Amino acid sequence: MTAPLVGIIMGSDSDLPVMQPAAELLKEFGIPFELTVVSAHRTPERMVSYAKTARERGLKVIIAGAGGAAHLPGMVASITTIPVIGVPVKSSNSIDGWDSVLSILQMPNGIPVATVALNAAKNAGILATEILSLSDESLASKMEQYKTTLKEDVLHKVKSLQKEGWNNLFD
Ligand code: RP5
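Note that the numbering used here has the sequence shown beginning at -3, numbered continuously upward.
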């Protein structure tokens, strides 16, 4: 089995539906990853040991998602020196999502967490892939192709809009 390059962790299994798109994106790009639950508040020792051993286990990036008082990404970033991408989750204990966003985003100088938008785990997967693509030409060209497809999708919609007119598009 190939050793994982990306670690996807989340504060609870209730975060999984939000975090799954990160895993799907990495799978699409053929990047080996691991996915597990690590709770900053309920399993603090597990969080410390996960973060402490991340680099020696070969992980290059950690994607960490949490909601509400979302301490997991920041605490993991405080322990490891590999990049941490934070996914704020709008969870059952989140007031409106802002608590999750700000808990992950507003890190002190020295301990950055690359924070994506609320529930934007797919973007976390893309960012992790881009980081890995810095030292992997084949990943870089796959990412180039991925972005070209995004562009072509929009241009296709532009053409449809021109052809069909705005009032016929949604019939
Ligand atoms: C956070 O609390 C987790 O990351 C999750 O978003 C939220 C709720 O967790 P559960 O009560 O559903 O386990 O720590």
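Glycine included, C-beta positions come from ideal geometry on N, C-alpha and C.
Owing to the predicted nature of the structure, the values given are computational and were not obtained by experimental measurement.
Please report the Cβ distance between residue i and residue j, rounded to the nearest whole angstrom; I am assuming they are in contact, meaning their Cβ atoms lie under 8 Å.
i, j, result
"V112", "I81", "7 Å"
"L123", "A136", "With a Cβ gap of about 14 Å, L123 and A136 do not count as contacting."
"A73", "I107", "5 Å"
For residue i, which residues in the same chain have their Cβ closer than 7 Å to its Cβ, ignoring the five residues on either side in sequence?
i, result
"N89", "G63, G64"
"M15", "I4, M6, G61, V83, A117"
"A(-1)", "P28, G54"
Are the Cβ atoms of residue i and residue j separated by less than 7 Å?
i, j, result
"V85", "G61", "yes"
"P17", "K118", "yes"
"G7", "L98", "no"
"I75", "A36", "no"
"L31", "A50", "no"
"V33", "D9", "yes"
Could you give the first and the last residue of the continuous beta strand (DSSP E) run that contains residue i?
i, result
"P84", "80 to 85"
"A62", "57 to 63"
"V2", "2 to 6"
Short of 8 Å in beta carbon distance, which residues of its chain neighbour residue i, apart from the five on each side in sequence? Order them along the chain.
i, result
"I127", "K56, V57, P79"
"L1", "I27, P28, F29, G54, L55, K56, V57, L128"
Tell me where the alpha helix (DSSP H) around residue i begins and ends.
i, result
"E20", "12 to 24"
"G121", "117 to 129"
"L31", "Run containing L31: none in the alpha helix (DSSP H); it sits in the beta strand (DSSP E), 29 to 33."
"I107", "Unbroken run through I107: none, as it is neither H nor E."
"G70", "68 to 75"
Nearest-angstrom Cα distance between residue i and residue j?
i, j, result
"D11", "S87", "7 Å"
"L101", "I5", "17 Å"
"K138", "T144", "10 Å"
"Y142", "M(-3)", "26 Å"
"K153", "G161", "11 Å"
"E169", "D132", "Limits of the chain in this structure are -3 at one end and 167 at the other, which puts residue 169 out of reach."
"L22", "S134", "14 Å"
"S96", "K159", "43 Å"
"T39", "I91", "23 Å"
"E140", "L151", "17 Å"
"N105", "N115", "24 Å"
"K147", "E52", "38 Å"
"I59", "T125", "11 Å"
Take residue i and list the residues in its own chain whose beta-carbon comes closer than 6 Å to its own, dropping the five residues that flank it on each side.
i, result
"G70", "M103, V109"
"R42", "V34"
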